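Everything on this sheet refers to the single structure shown next.
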Amino acid sequence: MRKVLIFLMLTLLTVGNVPNSIAESETMNLEKKLEESVGLKIRSVEFPKELDWFNVKTPLQMKNLSGKVVLLDFWTYCCINCMQVIPELKRLEEKYPNELVVIGVHSAKFSNERDSENIRQSILRYEIQHPVVNDPELNLWQQYGVRAWPTLILIDPEGYLVLSVSGEGNYETLDQAISSLIKRAESKSILNRTPIELVPEASRESDSYLRFPGKIFAMENEIVVSDSNHNRIVVLNHSGEILQVIGSGTAGKKDGSFKESEFNHPQGIFKENHFIFVADTENHLIRKIDLDQKTVETLAGTGMKGAHLEGKAAALQTALNSPWDLVNINDILYIAMAGAHQIWSLSLKTNELDLVAGSGREDLIDGAAKSSALAQPSGIAFDGQNTIYFADSEVSAVRSVDLKTHEVKTLIGHGLFDFGDQDGALKQARLQHPLGVSFEKGTVYVADTYNDKVKAIHVRNQKIETVAGTEKGFKDGAPGKLYEPGGLSVVDGKLYVSDTNNHAVRIFDLNTRALTTLPLQSPADSNRAKPRKNPFLETIERPEEILKEQSQISVTVHLPKDHEFSEEGLFSYEVAEQGEKKVLQKGMIKNPKKELPLNFDLVRKYKGKFILAIDLEVPYCSTMPPKLCKFKSIQFIQPISVESNGKPLLRLEAQIS
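Going letter by letter, the sequence shown gives residues 1 to 657 in the numbering used here.
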C-alpha cells in the first residue's frame, strides 16, 4: 500500500518544466501544493543498507538528515538530460550550502551502468561532488514511483515528500520550493544547518595528462584529441609528442588566444587545413581554432542551451543543445546535436544552421530525414560519397543519412530499451550505448562504448565483428582491453581510439589486429605528461624476503563477501624481474573456485638481490542479484634476497575489498 500512496502523491504534485521565472499565480499554486503535500504526511523511504555510496565517508540514512531539505536526483549516466540537470543542481547547492542536501540516486538504464566502478568513473567525469547512491535493482526508483530520467524529488526537513518534477529547466520551481521549506523549518526551529561530511571521489584520484578524453581525429602527421575534463584541445604527433595545447584549462566560453581561450568539456573535433572545428558540448557552442593565427572564435550558438531545430536559422543567434560530434563536408559542418536528438548543418559560407535529420522526438524511426526520430546522436562520420553514419547512443544504434535522398536508415538498432553485445548479421546484432564512429573502405568502425569494445560493420556483407576489446580494463595486445571508449578515427591502416575512462590514446593496427598505447611526451618539463594510471590496479609493495635457491612462491586472492570468480574468466598472471624486465613465468588459469592459488616455481638459480613484479588480472562477479561482474588488477612488488638459509616457500595474499 505504501508504494501506491507514494506514486499517487507524486503524480498529483508533478509540476513539469518551468524554463523561466515563476509568475505570482504560479508561486501561489506552488505554495498551495506544498501545503497539500505536507498534509498528506507521506514519509520518505529509508536507504537500504547494502547499497554502494560515493562522495561520502559513510553511507547516509534519511533518519540522520532530519532538519535538512533533501533533493533526490534519480539519474542514469548515459542520459543527456541527466547531464544537463547537473548545473542546475550545482546552482541550488551553492545557494543553499548548509540547508540543502542533494543526493543522486543512480538508477541504471543499461546493464553496464549498474556497475559501481563505472558509476564512480561517471561521477568523476561529470565532476559530481554531492552524495550518490547506486540503486542497481531500481528499488528506490520503484518505491518513489519514478517513471523517467531525470526525476527530482524534494523532501522537507521533517522527512515528508513534498514535490516531484521531471526533466530539465526546473531550477526556478525547486528554488522557490526549497526557500519556502527553509522558512517553514526556521519558524518551527527545526532547521539543521550542520554540513554533512563529504569525501569527493576526485580527492582519491591522481591526475593524468589526458582526463576523460572524448573524441579523436587522426591525420597522416598529427592527432587531435579533445581533452574533455581538462577543457582543452591537444595536438600530438604520432610519437605522442605534445605539439599544441589549445585552451587555458578553465571551464568557460572565452574566445581569444590559445592561452586565454576557454572550452567547457569539448567533444567532437574535425581538422581541415589549418583549422580545427570543435563541438564545445557543455557551452552549447561550435568553435573554430585557427592554427596559423593561434586564435579561437565562436561560429555558432549563444552559450545557452536551446531546443530542437525546425529550419534555417542564424548561427550566432540560435541556441544549440549539447553538440557532441561534427564532420566537415564541402564547407558544411554536419553536427550530431545530442541534446536535440537531431543532426544539424552549419554552412561555413553563409553562417546559417539548418535541420538535416530528426524531428526532435527521442526514438528510433527511419524514413524521411526531417520526420525521422533519433535518440542522442553522439558520433558522426562521412563515407566520402553521399552517406553520413552516426552513432545513435540511446537506442544503441548505428544509423545513416543519405544526403541525396534525405532518408534515414538503421544498420543496427531496435529501440530505446534494446541493447546487448552480439556480433554477426546486422539484423540480430546488438550494441550497448555506442558513442563513436569512423569510416574506412566500406567499413564503419564503432566505439561500442558500454561494451568496452571497438567493432567493425562490414556494410556490403551486412555483418559486424569485434576487433578490439574483451571486457573493461587496460591491456595492450590482441584484442587488448578498453574502458568505455568514446571516439574513433582511422588513417593509414590504424584505428586511433579515445579510450575515455583509461585517460589514454590507444592505437589498433588493422593488419596485426593488436592494440597499443600511445606514450604521451611533452617537450617542456613543466608540462611533462604524467604516467598513465590503471584505474583497476592495486599495487602491494612488500618488505624484502630471504628465499632459498629454486624456492616457490604461492599467491592467494580472496574475494569480498557474496562474490565469486567469473565462471567464464581466464585469469592471467605474469612474474617478471622488475629491474631487467625479464618475464620469468606467465600463464592463465580457468575457472578457479573460492580462492585463486597460483604457484610459481623459480627454477633459475639466483644469487644476490632482485625485485619480482607479480601481476594478476582477476575478473569476478557478485552472487547476489543483479549479478554484476567486475575486474581487478593486482601487482605485488616483492624484493628478494637469495641465500642458502632462506625460506623454501613464500606465501602472498591479497584481499579485494
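Glycine included, each C-beta is placed from N, C-alpha and C at the ideal position.
The structure presented is a predicted model; accordingly, all values stated were derived computationally and were not measured.
Exposed unless 16 or more other CB atoms sit within 10 angstroms - verdict on Asn170: buried
Assign Ala478 to one of three DSSP states: helix, strand, or coil. coil
Please report the distance separating the alpha-carbon of Leu518 from that of Tyr496. 9 Å
Do three or more CB pairs link the stretch 178-187 to the stretch 106-115 at distances below 8 Å? Two segments are said to touch when three or more pairs of C-beta atoms, one from each, lie closer than 8 Å; by this definition the stretch 178-187 does not touch the stretch 106-115.
My understanding is that Glu335 touches Ala279, with C-beta atoms under 8 Å, so please give their C-beta distance in whole angstroms. Sequence inspection shows Ile at residue 335; the Glu mentioned does not correspond to that position. So it is a contact: roughly 7 Å between Cβ atoms.
Assuming Pro377 is part of the beta strand (DSSP E), what are its boundary residues? 377-382
So for Gln75, helix, strand or coil by DSSP? Reading the sequence as shown, one finds Trp at residue 75 and not Gln. Looking at Trp75 - three-state DSSP - the assignment turns out to be strand.
Could you compute how far the alpha carbon of Glu643 sits from the alpha carbon of Pro543? 16 Å
Only counting the same chain, and skipping five residues up and downstream in sequence, which positions put a Cβ closer than 7 Å to that of Tyr126? Met83, Ile86
Answer yes or no: do Ile457 and Thr470 have a C-beta to C-beta separation smaller than 9 Å? no
Rounded to the nearest angstrom, what separates Gly486 and Thr281 at their Cα positions? Taking the CA atoms as reference points, Gly486 sits about 14 Å from Thr281.
Is the beta carbon of Val70 sitting closer than 9 Å to the one on Val101? yes
Candidates Ala314, Lys370, Leu174: which alpha carbon is nearest His341's? Lys370
Determine the burial state of Ile286: buried for a count of at least 16 other Cβ atoms within 10 Å of its Cβ, exposed for fewer. By the neighbour-count rule (16 or more Cβ atoms within 10 Å), Ile286 is buried.
Pairing CB atoms from the stretch 388-404 with CB atoms from the stretch 439-455, are three or more of them under 8 Å? yes
Exposed or buried, Ala429, counting other C-beta atoms within 10 Å across all chains shown (16 or more means buried)? buried
Element boundaries [alpha helix (DSSP H), containing Trp344]: Segment 342-347 is the beta strand (DSSP E) holding Trp344; no alpha helix (DSSP H) there.
Which residue's Cα is closest to the Cα of Pro639: Ile289, Ala504, Ile614? Ile614
Would you call Gly569 buried or exposed, if buried means 16 or more other Cβ atoms sit within 10 Å of its Cβ? Residue placement at Gly569 is flagged as unreliable, the pLDDT there being 48, under the threshold of 50; a coordinate-derived value is accordingly withheld.
Less than 8 Å between C-beta atoms, sequence neighbours within five positions excluded: which residues of the same chain meet that for Val459? Leu411, Gly442, Thr443, Val444
Can you tell which of Ala373, Ala368, Leu353, Asn229 has the C-alpha that lies nearest to the C-alpha of Glu362? Ala373
Closer than 6 Å by C-beta to Glu93: which residues in its own chain qualify, once you throw out the five before and the five after it? Chain order, please. Val102
Nearest candidate by alpha-carbon position, reference Glu564, set Glu545, Cys621, Ser551, Gln550: Ranking Glu545, Cys621, Ser551, Gln550 by Cα distance to Glu564 puts Cys621 first.
So, does the stretch 291-300 touch the stretch 43-60, judging by three or more C-beta pairs under 8 Å? Short answer: they don't touch.
Grab me the residues of Leu664's own chain with a C-beta within less than 8 Å of its C-beta, minus the 5 sequence neighbours each way, in chain order. Nothing in the structure corresponds to residue 664, since the chain is present only between 1 and 657.
Strand pairing of Asn192, partner residues [DSSP]: The partner list for Asn192 (beta bridge, DSSP) is empty, contrary to what the question assumes.
Distance, Cα to Cα, Asp156 vs Cys79? 27 Å
Hey, how far is the Cα of Glu50 from the Cα of Glu117? 16 Å
Using a threshold of 9 Å, state whether the C-beta atoms of Pro323 and Gly268 are closer than that. yes
Can the beta-carbon of Val224 be found less than 9 Å from the beta-carbon of Lys288? Not a contact, by the Cβ cut-off of 9 Å.
Should Arg91 be labelled buried (16 or more other beta-carbon atoms within 10 Å of its own) or exposed? exposed
Looking only at DSSP bridge pairs, what is Gln244 linked to? Val235
Excluding the 5 residues flanking Lys3 on each side, which residues of the same chain have their C-beta closer than 8 Å to its C-beta? Legend: pLDDT at Lys3 = 33, less than 50; position of this residue unreliable, value from coordinates given subsequently. Only Gln142, Gln143, Gly145 meet the Cβ criterion.
When Leu520, Val505, Ile343, Gln317 are compared against Lys215, the one with the closest alpha-carbon: Val505
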